[in-house]
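A.B. asks: Counting in our numbering, the sequence shown runs from 16 upward without gaps.
All C-beta atoms in this analysis are idealised placements derived from N, C-alpha and C, irrespective of residue type, glycine included.
Model, not experiment: these values are computed from the prediction.
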Amino acid sequence: MEALSLRDDVSDKSALAAQNTLQLIAFSIGEQTYGVEITTVREIRAWNGATPLPNTREFVRGVINLRGTIVPIFDLRARFGDGQTSPTKNHVVVVMSVGDKWVGILVDAVSDILTVNRDDIHNVPEGNSIDTELLNGIVTHDSRMVGLIDLHAVVSGAKMDG
Numbered sequence: 016m017e018a019l020s021l022r023d024d025v026s027d028k029s030a031l032a033a034q035n036t037l038q039l040i041a042f043s044i045g046e047q048t049y050g051v052e053i054t055t056v057r058e059i060r061a062w063n064g065a066t067p068l069p070n071t072r073e074f075v076r077g078v079i080n081l082r083g084t085i086v087p088i089f090d091l092r093a094r095f096g097d098g099q100t101s102p103t104k105n106h107v108v109v110v111m112s113v114g115d116k117w118v119g120i121l122v123d124a125v126s127d128i129l130t131v132n133r134d135d136i137h138n139v140p141e142g143n144s145i146d147t148e149l150l151n152g153i154v155t156h157d158s159r160m161v162g163l164i165d166l167h168a169v170v171s172g173a174k175m176d177g
């Protein structure tokens, strides 16, 4: 009986530890590393171009047809104000769910799956308004700073005003 209660105690601790961790898909834009929660990622695919849309901002590359679903593609480099990506066959699109919609973001490369402790996530330092607006936080993983993308903020403001 004693061993059983000890085992329950161990499983409770591991369940608690799992609740306090977050798994991220990490990807790069130049030298910067960013991440999104793994549960939002639906697919990672090679860049094959996108059909441009009129009256959209420079960070909207267009749309792709993904098995009958029209998915808008956002250029993350352009969204962060660093100019449009010149995509090559090495670039990838990370398709994610944002609410009940699917969106894709164009990135240089997917690098890793990271497990981070929620307590290690820090607020984005004030200063760069774009970073503050588009990131939920920053975490250090293996001496790398990883910006946690706020997907809702990244995809907002896609249409031109007026």
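Count the other CB atoms, across all protein chains shown, that sit within 10 Å of the CB of A124; report buried if there are 16 or more and exposed otherwise.
C.D. replies: Position 109 of the sequence shown, counted from the start, is the residue given in the question as residue 124. Classification for A124: exposed.
A.B. asks: Using the Cβ count rule (16 or more neighbours within 10 Å means buried), how would you classify A65?
C.D. replies: By 1-based counting over the sequence shown, the position of residue 65 is 50. So A65 counts as buried.
A.B. asks: Comparing alpha-carbon positions, which option in R82, G172, I44, H156 lies nearest L37?
C.D. replies: Mapped onto the sequence shown, residue 37 falls at position 22. Residue H156 is the option with its Cα nearest to L37.
A.B. asks: Got a sec, what are the start and stop residues for the alpha helix (DSSP H) V139 sits in?
C.D. replies: Translated into positions along the sequence shown, residue 139 becomes position 124. V139 -> no alpha helix (DSSP H), and no H or E assigned at all.
A.B. asks: If you compare alpha carbons, which of V51, Q47, I136 is closest to L166?
C.D. replies: For this step, residue 166 is matched to residue 151 along the sequence shown. That would be V51, whose Cα lies nearest to the Cα of L166.
A.B. asks: Considering only the beta carbon of each residue, do V122 and L39 sit closer than 8 Å?
C.D. replies: Locating residue 122 in the sequence shown gives position 107, where the first residue counts as 1. Locating residue 39 in the sequence shown gives position 24, where the first residue counts as 1. Going by C-beta atoms, V122 is not nearer than 8 Å to L39.
A.B. asks: If we call anything under 8 Å between Cβ atoms a contact, is Q99 one with E141?
C.D. replies: Counting from 1 along the sequence shown, the entry for residue 99 is found at position 84. Counting from 1 along the sequence shown, the entry for residue 141 is found at position 126. No.
A.B. asks: With a threshold of 16 other CB atoms inside 10 Å of the CB of R41, please say whether the residue is buried or exposed.
C.D. replies: Numbered from its first residue, the sequence shown carries residue 41 at position 26. Here the sequence assigns Ala to residue 41, which means Arg is not the residue at that position. Classification of A41: buried, given that the 10 Å Cβ count is 16 or more.
A.B. asks: Helix, strand or coil: which one does DSSP assign to R72?
C.D. replies: On the sequence shown, residue 72 is found 57 positions in, with the first residue counted as 1. In this structure, R72 counts as coil in the three-state DSSP scheme.
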